[in-house]
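One structure is given here, and the rest of the page talks about it.
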């Protein structure tokens, strides 16, 4: 049975996260994560364990954009239970970097959520891009939905 209240709460969390990312508001971004979050992000390392490690990533990466960061979510699907949920979507990040280069990349996103003390939080994120299956195994950064 679909829990529309939980779905709406998850959508609100995602919308708030996107707003914070666009504004480069690290404190607001971090407010959505569990302290013990496990993340598989696009950039190295292979994994981030804990909110403190991931905060450092945001602190280093967000200042590499001039002005706000462009972020779009497409084909968002949310599945919720009473206290566990997940979402998947195609996400686009865009903007001009401080070195003048433009970024425009679509990626796949899968996010895990838990409801703790009545509040949904992100407990796992996995972002990825496809790559060519033949050497030299280049990332397929030009793909678009």
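Residue numbers (our numbering): 37 to 181.
The C-beta atom is built at its ideal place from N, Cα and C for all residues, glycine as well.
Determine the contact status of residue i and residue j, defining contact as a CB-CB distance below 8 Å.
i: residue 56; j: residue 73; result: no
i: residue 105; j: residue 131; result: yes
i: residue 158; j: residue 109; result: no
i: residue 147; j: residue 160; result: yes
For residue i, which residues does DSSP report across the bridge?
i: residue 124; result: 113, 146
i: residue 139; result: 131
i: residue 84; result: 75
i: residue 106; result: 130
i: residue 69; result: 158
Starting from the C-beta of residue i, find all residues in its chain whose C-beta is less than 7 Å away, skip the five residues before and the five after it, and write them out in chain order.
i: residue 46; result: 114, 116, 121, 123, 149, 156
i: residue 126; result: 110, 111, 142, 144, 181
i: residue 119; result: 150, 151
i: residue 138; result: 132
i: residue 71; result: 86, 87
Using the Cα positions of residue i and residue j, report the straight-line distance between them to the nearest angstrom.
i: residue 111; j: residue 145; result: 11 Å
i: residue 154; j: residue 170; result: 47 Å
i: residue 41; j: residue 69; result: 20 Å
i: residue 43; j: residue 81; result: 31 Å
i: residue 233; j: residue 39; result: Any answer about residue 233 is impossible in this case: the structure gives the chain only from 37 up to 181.
i: residue 96; j: residue 61; result: 13 Å
i: residue 51; j: residue 133; result: 23 Å
i: residue 59; j: residue 48; result: 17 Å
i: residue 63; j: residue 178; result: 31 Å
i: residue 67; j: residue 98; result: 16 Å
Please list, in chain order, all residues of the same chain as residue i whose beta carbon is under 8 Å from its beta carbon, the five residues on each side excluded.
i: residue 176; result: 165, 166, 167, 168
i: residue 173; result: 167
i: residue 65; result: 53, 56, 57, 94
Could you pull out every residue in the same chain whose Cβ sits closer than 6 Å to the Cβ of residue i, ignoring the five residues on either side in sequence?
i: residue 37; result: For residue 37, the predicted model reports a pLDDT of 46, less than 50, meaning its position is unreliable; a value from the coordinates is still stated below. Taken in chain order, the list of residues that qualify is empty.
i: residue 163; result: 77, 78, 143, 145
i: residue 90; result: 75, 84
i: residue 128; result: 108, 142
i: residue 102; result: 132, 134
i: residue 140; result: 130
Could you tell me which whole alpha helix (DSSP H) segments of length 4 or greater appear in the stretch 148 to 179? Whole alpha helix (DSSP H) segments, 4+ residues: zero.
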